[in-house]
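Let me begin by presenting the structure, written as structure tokens, before commenting on it.
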Amino acid sequence: MSGVLDPAALDQLFREARTCQWFDGREVSDEQIATIWDLMKMAPTSMNQLPARIVWCKSAEAKERLAGHAAEGNKDKVRNAPVCAIIAMDTDFHEYLPEFFPPSPDAKAMFDGKEEMRRTQAFRNSSLQGGYFIMAARALGLDCGPMSGFDNAAVDADFFADTPSWKSNFICSVGYGDRSKVHPRLPRPDFARFNRLI
Numbered sequence: 130m131s132g133v134l135d136p137a138a139l140d141q142l143f144r145e146a147r148t149c150q151w152f153d154g155r156e157v158s159d160e161q162i163a164t165i166w167d168l169m170k171m172a173p174t175s176m177n178q179l180p181a182r183i184v185w186c187k188s189a190e191a192k193e194r195l196a197g198h199a200a201e202g203n204k205d206k207v208r209n210a211p212v213c214a215i216i217a218m219d220t221d222f223h224e225y226l227p228e229f230f231p232p233s234p235d236a237k238a239m240f241d242g243k244e245e246m247r248r249t250q251a252f253r254n255s256s257l258q259g260g261y262f263i264m265a266a267r268a269l270g271l272d273c274g275p276m277s278g279f280d281n282a283a284v285d286a287d288f289f290a291d292t293p294s295w296k297s298n299f300i301c302s303v304g305y306g307d308r309s310k311v312h313p314r315l316p317r318p319d320f321a322r323f324n325r326l327i
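In terms of my numbering, the sequence shown has 301 at position 172, counting the first letter as 1, and numbering is strictly consecutive.
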């Protein structure tokens with residue numbers, strides 16, 4: 130691992146980055162979308178499970194379908210984003226473990242017939258990957274607006290009918306944020322408040 134990122138990079142990823150729900154109209158290219166995936170897939174998940182599955186709603190039709198399942202306050206946020214991604218999880222991720230986790234020939238068998246265990250693992254690790262997704266987008270100069278205000282069951286029925294093991298986790302708009310519409314940053318606690326060194 131190389132040295133510490135310079136302050137400007139840390140600002141871009143963390144200190145100055147903001148949740149953006151409104152965008153300035155610039156498009157997000159297919160190449161940028163593919164690069165987000167190529168970056169986020171490199172970050173760790175348990176046993177290299179890699180359960181995240183993403184549907185990128187880029188066309189007006191796809192965004193309108195997704196907006197139809199969003200909470201009232203999120204509908205226009207979906208419609209007006211250059212792209213809105215459905216970050217989903219594959220509860221049958223274990224089927225791919227022989228390929229993705231070859232050090233353990235018994236990895237798949239550990240999860241066979243254990244649907245609740247797989248769902249817990251898929252949710253945890255796809256949530257991790259969702260965080261990596263946001264960091265990857267920010268690293269490319271893009272802004273994100275993650276949202277949980279939508280009907281998961283309706284999204285799953287609409288977008289994943291042909292892959293029923295895929296279940297939506299959250300949705301995330303991606304683009305170049307309109308900073309004139311960003312709210313002031315909300316409070317963040319000091320280290321001493323919620324951390325313990327023992």
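No residue lacks a Cβ here, since even glycine has one placed at the ideal position from N, Cα and C. Since this is a predicted model, take the numbers as computed values, not measurements.
*Should Thr-220 be labelled buried (16 or more other beta-carbon atoms within 10 Å of its own) or exposed?*
As a working mapping, residue 220 is identified with position 91 in the sequence shown. The residue is buried, with at least 16 neighbouring Cβ atoms inside 10 Å.
*Residue range of the beta strand (DSSP E) that Arg-182 falls in?*
As a working note, residue 182 is residue 53 in the sequence shown. Boundaries of the beta strand (DSSP E) around Arg-182: 181-186.
*Buried versus exposed call for Ser-158 [16 or more other C-beta atoms within 10 Å across all chains shown]*: Looking up residue 158 in the sequence shown gives position 29. Ser-158 is exposed by the Cβ-count criterion.
*Determine the contact status of Met-176 and Ala-236, defining contact as a CB-CB distance below 8 angstroms.*
Sequence index remark: in the sequence shown, residue 176 carries index 47 (1-based). Sequence index remark: in the sequence shown, residue 236 carries index 107 (1-based). It is a contact, given that the beta carbons lie within the stated cut-off.
*Return the chain-ordered list of same chain residues with a C-beta closer than 6 angstroms to the C-beta of Val-184, the five sequence neighbours on each side being excluded.*
Sequence index remark: in the sequence shown, residue 184 carries index 55 (1-based). Here the set comprises Ile-215 and Phe-288.
*Verify the CB distance criterion: does Gln-141 have a CB-CB separation below 8 angstroms to chain B?*
Reference to chain B is not applicable here, since this structure consists of a single protein chain.
*Going by the CB atoms, is the gap between Ser-302 and Ala-181 shorter than 8 angstroms?*
Taking the sequence shown and counting its residues from 1, the one referred to as residue 181 is at position 52. Taking the sequence shown and counting its residues from 1, the one referred to as residue 302 is at position 173. Between Ala-181 and Ser-302, the C-beta gap is not smaller than 8 angstroms, which leaves the two residues out of contact.
_As an exercise, report each continuous alpha helix (DSSP H) stretch of at least 4 residues that is fully enclosed by the stretch 224-299, in chain order._
226-229, 236-240, 244-268 and 281-288
*What is the DSSP secondary structure of Arg-171, counted as helix, strand or coil?*
Position 42 of the sequence shown, counting from 1, holds the residue named residue 171. According to the sequence displayed, residue 171 carries Met and not Arg. Three-state result, Met-171: coil.
*Got a sec? Which residues, its chain only, sit under 8 angstroms from Ala-246 by beta carbon, not counting five neighbours each side?*
Reading the sequence shown from its first residue, position 117 is the one you call residue 246. Sequence check: residue 246 is Met here, not Ala. The answer, listed in chain order, is Phe-240.
*Please name the residue, chosen from Arg-314, Asp-272, Gly-278 and Phe-299, that lies closest to Asp-205 on a Cα-to-Cα basis.*
Taking the first residue of the sequence shown as position 1, residue 205 is located at position 76. For Asp-205, the nearest C-alpha among the options comes from Gly-278.
*Measure the alpha-carbon distance for Cys-149 versus Pro-234 and round it to whole angstroms.*
Taking the first residue of the sequence shown as position 1, residue 149 is located at position 20. Taking the first residue of the sequence shown as position 1, residue 234 is located at position 105. Spanning the two alpha carbons is a distance of roughly 43 angstroms.
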